[in-house]
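Below is one structure, written out as structure tokens; comments come after it.
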Amino acid sequence: MIETLWTLAIIFIGLLLATIIMYVVKKQDPKKDFSGILLRVKTWWGMFVVFFFATLFNPVVSLLSIMVLCFFALKEYFSMIKTRKSDRRLMLWCYLVIPFQFYWIYIGWYGMFIVFIPVYVFLFLPLPRIIRKGTSGFLRSVSITQWGLMLMVFGLSHLAYYQFASPEFGSNLVLFLIVLTQLNDVIHYLISLYIGKRRVVPSANPYITWEGFIGAMLVTTLISYFLYPYLTPFDLKFGILSGIIIGASGFLGSLTISVLKRDLLISDNKKFETLKGSYLNRIDSLTYTSPIFFHIIRYYFEFM
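Just so you know, we're using the working numbering here: the sequence shown kicks off at 303 and counts up by one.
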């Protein structure tokens, strides 16, 4: 408990310093666009509060908070889709999936948690769209909603399972994952903003560059080297490897969400700009880092 309190205190001080530094830098260089970083700093504060209560009191707090996060992330995802009346019933079923997915986590039923959305929901989901709705636009409706469930619910719900899969180390592992994921995003953003030249997908996100990817990967791995002894039960080899895994998967998550948003809003630039401050922009990387990191740990370590 003492180690956990010290860790939370250090993170609190770090967040306070990051907030002050960002506002000072923004005032000194108003021409630069720091909105992405400021949004992530605000997200860090929210996550810190959630995991402070979850770590010191009850993991159910964390579970409920992440369930609400999944709901809003899915809602924003659906808001980008040009829907017809025939699609609304499908979306309602998608929202109803969320409490069931988190119930499997709460009771610790890993087998159902891992197959519920990718198997049962995916097989059931076409039925509400087929019945009395015809065949027009069927594949687009079903595939888009399935992809949203996979990222916004299945991927993010892994954040809640850490603490139930490993009561001893789970909360610290989530803290470790979130800190590295968010720092990786911010470092990537800063490097791309100042020295990034080779854009990966210019039409989707100008702040995703190869220079940012390489630089963020190196820095994230270095931070992982310093953090792993305090927040994880890993050895040196996996402590360093964790930084590489989180850096690479975070890059893929951010890239995927950026391309997805641009594809769905290809003819609506006004809405695309509005959604820059959305939940999806704040947790895009976590849709990939959370499940990938979880399953790698579960495969190699007995405590999960």
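We put the CB at the ideal spot given by N, CA and C, even for glycine.
Report the rounded CA-to-CA distance for residue i versus residue j, giving the unit in angstroms.
i	j	result
F574	D537	Annotation note: pLDDT 49 at F574 (below 50); position unreliable, coordinate value reported separately. Their Cα atoms are separated by approximately 43 Å.
H460	P593	6 Å
M519	S438	44 Å
G514	I433	48 Å
D565	E378	15 Å
V421	S473	28 Å
F596	L453	15 Å
V502	L318	32 Å
E470	I416	22 Å
S381	V476	29 Å
Return the first residue and the last residue of the alpha helix (DSSP H) that residue i is part of.
i	result
S443	440-450
T522	512-533
M454	Neither: M454 is in no alpha helix (DSSP H) and is coded neither H nor E.
P593	588-602
S473	472-496
Y379	361-381
D565	538-566
Y509	Taken as a continuous stretch (DSSP letters only), Y509 belongs to no alpha helix (DSSP H), as it is neither H nor E.
G413	412-417
P430	428-432
Less than 7 Å between the C-beta atoms of residue i and residue j, yes or no?
i	j	result
G450	L340	no
T591	T483	yes
I419	F456	yes
L283	P430	Nothing about residue 283 can be reported from this structure: the residues present for the chain run from 303 to 606 only.
T589	G555	yes
Y532	G541	no
Would you please state the rounded distance, in angstroms, between the beta carbons of residue i and residue j? I believe it to be under 8 Å.
i	j	result
F486	G552	According to the sequence as given, residue 486 is Asn; it is not Phe. Right, their Cβ atoms sit about 5 Å apart.
I559	G517	About 20 Å separates the two Cβ atoms, so there is no contact after all.
R510	S494	A quick correction: the sequence has Ile, not Arg, at residue 510. Going by Cβ atoms, the distance from I510 to S494 rounds to 7 Å, so yes, they are a contact pair.
V343	M324	6 Å
Y527	G549	Actually they do not touch by this definition, with Cβ atoms about 12 Å apart.
V444	L427	6 Å
F404	L365	6 Å
F468	M606	This sequence places Ser at residue 468; Phe is not what is there. Between M606 and S468 the Cβ distance is about 5 Å, and since that is below 8 Å, they are a contact.
I312	I383	With 8 Å as the limit, I312 and I383 do not qualify as a contact, their Cβ atoms being about 42 Å apart.
Excluding five sequence neighbours on each side, which residues of the same chain lie with their C-beta closer than 6 Å to the C-beta of residue i?
i	result
P361	Q465
Y463	I407
W395	P430
Note down, in chain order, each residue of its chain lying with its Cβ closer than 8 Å to the Cβ of residue i, except the 5 sequence neighbours on either side.
i	result
F373	Y397, I400
For residue i, which residues in the same chain have their Cβ closer than 7 Å to its Cβ, ignoring the five residues on either side in sequence?
i	result
V561	V503, A506
W347	L317
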